[in-house]
Amino acid sequence: MDGAVVATAVGALSSLVGVTLGALVEPLKLGAGERARTRRDRTERCAAYIEAATTARERLVEFNVLHRLRQRSPDDARADPEKYLASTDAFYQARASMRQIFGLLVMSGPEELVERAKQVHKAEMQLHAHRRAVNADDASGGGLPPDVLAAVRAFDEAIEEFARAARKHAK
Numbered sequence: 009m010d011g012a013v014v015a016t017a018v019g020a021l022s023s024l025v026g027v028t029l030g031a032l033v034e035p036l037k038l039g040a041g042e043r044a045r046t047r048r049d050r051t052e053r054c055a056a057y058i059e060a061a062t063t064a065r066e067r068l069v070e071f072n073v074l075h076r077l078r079q080r081s082p083d084d085a086r087a088d089p090e091k092y093l094a095s096t097d098a099f100y101q102a103r104a105s106m107r108q109i110f111g112l113l114v115m116s117g118p119e120e121l122v123e124r125a126k127q128v129h130k131a132e133m134q135l136h137a138h139r140r141a142v143n144a145d146d147a148s149g150g151g152l153p154p155d156v157l158a159a160v161r162a163f164d165e166a167i168e169e170f171a172r173a174a175r176k177h178a179k
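The numbering of the sequence shown is the working numbering, which starts it at 9 and goes up by one.
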């Protein structure tokens, strides 16, 4: 009988230890799951921000090209007003997405991503300010005006820096 009592006591003690350890480990598992979910959400937001910024950049360059084409020869079929409006609409949709995602980044952090997103926004605003720029001799139909080209490069660099920061915080 003593063996049965000892076995019961050992079983009860094992059960108690198991329950206690389970109660201690469960919050750790939940915390790890929450951190993984936060990283996934942050990664998705950053990817969406980069996509929206890239779309905004593309549409602003397209806007500039179409604007210069319309200035040079308004009757040119490539200067289609519908394409001009579609490009403008796509830009403003991308900009709205950037602003929405920026708000989510501000809410969730980290601060480095917020600061990099601000730099992307500033670069976008700079390119937007030059969207109607023309070359001094635009009759030749040359490349982008120097101001636009410089703003495009700055925008690309800001997007790249944001992507680097996002990669660092997504790990």
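Ideal Cβ placement from N, Cα and C applies to all residues, glycine included.
Taking the continuous alpha helix (DSSP H) assigned at residue i, which residues delimit it?
i    : result
P154 : P154 to A178
D97  : P89 to S116
R124 : E119 to A137
For residue i, is the classification buried or exposed, using 16 other Cβ atoms within 10 angstroms of its Cβ as the cut-off for buried?
i    : result
Y100 : exposed
V114 : exposed
V14  : exposed
E132 : buried
R76  : buried
R47  : exposed
Ignore the nearest five residues each way along the sequence and tell me which others in residue i's own chain have a CB closer than 7 Å to its CB.
i    : result
L74  : A87, K91, Y92 and S95
A141 : N72, P153, D155 and V156
F163 : R65, A131, E132 and L135
With a threshold of 7 Å (Cβ to nearest heavy atom), would residue i be considered close to the ligand MG?
i    : result
V128 : With respect to small molecules bound, the structure shown includes none, and the ligand MG cannot be examined in it.
So residue i packs on residue j, CB below 8 Å; how close in whole Å?
i    : j    : result
Q134 : A159 : 5 Å
R67  : A104 : About 12 Å separates the two Cβ atoms, so there is no contact after all.
H4   : R50  : Here the chain has residues from 9 to 179 only, and residue 4 is not among them.
Which residues in the same chain as residue i place their Cβ atom closer than 6 Å to its Cβ, once the five residues preceding and following it in sequence are excluded?
i   : result
C54 : A174
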